[in-house]
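J.: Got a structure here, written out as structure tokens. Questions coming.
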Amino acid sequence: MIYAIGDIHGQIEMLDHALDLITQDGGPDADIVFLGDYTDRGLNSCAVIDRLIDGKASGKNWRFIKGNHDRMFTNFVTMGKQHDPLIAPGLNYLNPRIGGTNAIASYGVTGEPIFAAHTRGELEILLHFQTDQGALTPDQLQQETAKAVPAAHVDFVNNLPLWIETDDLIFVHAGIRPGVAMADQDPEDLLWIREGFLEDTTDHGKLIVHGHTALDAPTHFGNRIDLDAGAGRGGALIPAVFDGRECHILTDNGRVPLTPA
1 MIYAIGDIHG QIEMLDHALD LITQDGGPDA DIVFLGDYTD RGLNSCAVID
51 RLIDGKASGK NWRFIKGNHD RMFTNFVTMG KQHDPLIAPG LNYLNPRIGG
101 TNAIASYGVT GEPIFAAHTR GELEILLHFQ TDQGALTPDQ LQQETAKAVP
151 AAHVDFVNNL PLWIETDDLI FVHAGIRPGV AMADQDPEDL LWIREGFLED
201 TTDHGKLIVH GHTALDAPTH FGNRIDLDAG AGRGGALIPA VFDGRECHIL
251 TDNGRVPLTP A
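Each residue of the sequence shown is one higher than the last, beginning at 1 in UniProt numbering.
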């Protein structure tokens, strides 16, 4: 059996509850795949990454995939990168909809981003970051954030793979480009894809298990399962267990079968 946890988005209490459910079902040595998006939006990105690093270091059978938010996080920490070209309409990493301000706040860098006036579709540019000690320029903010975020956290994220494959399953953050071999997939698709994947109903050979696109609950679409239940947007974090292609979600009352809608 193999367990999976979808997008966490800084929700440490939800993560701990999901891990407790898995331990109750599969024991302390359960094989768990985490589907990425550990950071942003929620209030405890730092604690989430600490928990994941500590679990792996203690010998847990845990494996991790990189999400698009995780890459945005390290790009901001290391380079001060404010945008990703695949975010429309030009939202800044520190915009509340993206959640970067909460991520860096969990490391002690707190304040309010002040953006230049812009129209929809234009890049949202950070003018300064207002803190209790005064305003930081974008460069100063990046320098403060780089000092606050442990190098181990950056290294953890930067070294994560983009997919994990078993005999029956492919675990990936966003999805795949249908008809393209995994070795030939565009990394941007693995991190960001929606159009061209979500509406596709063809069998991919293996069941695709992903997050990235928030739904009200984990959903089985026949050829794929979306485990993002919106933890980063006020929803839930619901773990799943797989025996081959057969899937159950874990609840406080035990397993519930997850079958094609």
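Beta carbons: idealized from backbone N, C-alpha and C, even for Gly.
1) Considering Val109, what are the terminal residues of the beta strand (DSSP E) in which it resides?
2) In its own chain, which residues sit with a C-beta less than 8 Å from the C-beta of Ile225, not counting the 5 before and 5 after it?
3) Spell out a yes or no on whether the stretch 119-134 and the stretch 45-62 are touching, meaning 3 or more CB-CB pairs, one atom from each, closer than 8 Å.
4) Around the C-beta of Gly175, are 16 or more other C-beta atoms found within 10 angstroms, so that it is buried, or is it exposed?
5) How is His210 classed by DSSP in three states: helix, strand or coil?
6) Have a look at Leu162, Ala231, Phe156 and Leu94 and flag the residue whose alpha-carbon is nearest the alpha-carbon of Ala116.
7) By the 10 Å Cβ neighbour count, where 16 or more other Cβ atoms means buried, how is His253 classified, buried or exposed?
8) Taking its Cβ as the centre, do 16 or more other Cβ atoms sit within 10 Å of Asn102, making it buried, or is it exposed?
9) In or out: Asp70 buried (at least 16 other Cβ within 10 Å) or exposed?
10) Near Gln142, what residues of its chain come up, given a Cβ to Cβ distance below 6 Å and the 5 sequence neighbours on each side ignored?
11) Measure the CB-CB distance between Ser106 and Gly10 and report whether it falls below 8 Å.
12) Do Ala231 and residue 263 come within 8 Å of each other at the CB atom, strictly closer than that value?
13) Please tell me whether Asn92 and Gln82 are closer than 8 Å, where the distance is taken between their beta carbons.
T.: To lay it out plainly:
1) Along the sequence shown, read from residue 1 onward, the residue named residue 109 stands at position 109. Counting along the chain, Val109 sits inside no beta strand (DSSP E), nor does DSSP assign it H or E at all.
2) In the sequence shown, counting from the first residue as 1, residue 225 sits at position 225. Correct list, in chain order: Leu207, Ile208, Val209, His210, Pro218, Thr219, Ala240, Cys247 and Leu258.
3) no
4) In the sequence shown, counting from the first residue as 1, residue 175 sits at position 175. Gly175 should be labelled buried.
5) One-based indexing of the sequence shown puts residue 210 at position 210. His210: strand per DSSP, three-state reduction.
6) Taking the sequence shown and counting its residues from 1, the one referred to as residue 116 is at position 116. Of the candidates Leu162, Ala231, Phe156 and Leu94, the one whose C-alpha sits nearest the C-alpha of Ala116 is Leu94.
7) For this step, residue 253 is matched to residue 253 along the sequence shown. The identity of residue 253 in the sequence shown is Asn, whereas the question assumes His. Result: exposed.
8) Walking along the sequence shown from the start, residue 102 turns up at place 102. Label assigned to Asn102: buried.
9) By 1-based counting over the sequence shown, the position of residue 70 is 70. Asp70 should be labelled buried.
10) Position 142 of the sequence shown holds residue 142. Contacts found: Gly80.
11) The residue given as residue 106 occupies position 106 in the sequence shown. The residue given as residue 10 occupies position 10 in the sequence shown. Yes, they are a contact pair.
12) Not covered by the structure: residue 263. The range shown for the chain is 1 to 261.
13) The residue labelled residue 92 in the question sits at position 92 within the sequence shown. The residue labelled residue 82 in the question sits at position 82 within the sequence shown. Yes; because the gap between Cβ atoms is below 8 Å, this pair is in contact.
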